[in-house]
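**Student:** The structure follows.
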Amino acid sequence: MFPKRAIHEFITVLPEDSAASDGFIAGLLAVLMQEGAACVWVSTARRLFPASLSLFNVEPERIIFMDVQTEKDVLWNTEEALKCEGLAAVVAELGNLSLIESRRLQLAVEESGVTGFILRKDASKAPSTVATARWRISPLPSDTLDGLPGLGFPMWQVELLKVRNGNPGSWVLEWAGDGFEQVNKVASRSVWTEKQNRQIGKGVLFLYGLVSCWQTGS
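Written out as structure tokens, the structure reads:
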């Protein structure tokens, strides 16, 4: 079962990692928001285009975007939003998150039951948080149908770097039009970054079966 009442941290140093993580989170929001609850998205420099969420079965008008001035404002708004039991989830874009700050956020989600997603951009400091899970989602070159020229379905490298009471892992997932399928081949980040004139595919990462790879309380 996917851990709720928990903080999920995403490593989003590169722009393409950030875009891929946005798709991953959008897929999870499609599930978390099924019963009608709203979501709060907090940032100082949001790049997400709200209308694109409709491609992920998420209604953009149910996302409350808070565009603030400083990282301190992001943290304050995030903590207060995580205390609101009526929300399905809170997404925060941050440069970095300290151990003490992450503890405050974790305490908030344990009380309210709201799921928290942290997009962490600063890789210069080693992560030292109490996040339940740490992820890295990266885009991969797509495969075209029958080897024909052009672009195929978007493909991602999904890395579970850390998870409480579970085992890390890595998977290659492909967006197959109506859902995600696991691809049985080895892929690496270097395959993408070595290509020039690359384009970032957009998609949603539904992890219905994938997130069941560990056991945790909900």
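In our numbering, the protein residues as written are 418 to 635. Just so you know, even glycine gets a beta-carbon here, dropped at the ideal spot from N, CA and C. Since this is a predicted model, take the numbers as computed values, not measurements.
1. Please say whether R551 and E426 have beta carbons closer to each other than 7 Å?
2. Closest by CA to I554, which one among L536, V575 and T561?
3. With distances taken from CA atoms, which of C501, I428 and R463 is nearest G530?
4. Which residue from G444, P558, T561 and P566 puts its Cα closest to that of V508?
5. Per DSSP, which one or two residues make a beta bridge with I554?
6. Using DSSP bridges, identify the partner residues of V531.
7. Do three or more CB pairs link the region 461 to 473 to the region 579 to 587 at distances below 8 Å?
8. For R537, name the three-state secondary structure that DSSP assigns.
9. Compare the beta carbon distance of A506 and T546 with 7 Å and say whether it is the shorter of the two.
10. What residue range is occupied by the uninterrupted alpha helix (DSSP H) comprising F441?
11. CA-CA distance, V430 and D563?
12. Where do the ends of the beta strand (DSSP E) carrying D484 lie?
**Tutor:** Taking the structure as given:
1. yes
2. V575
3. C501
4. G444
5. V575
6. Its beta-bridge partners do not exist; DSSP assigns none.
7. no
8. strand
9. no
10. P432 to L449
11. 34 Å
12. I480 to D484
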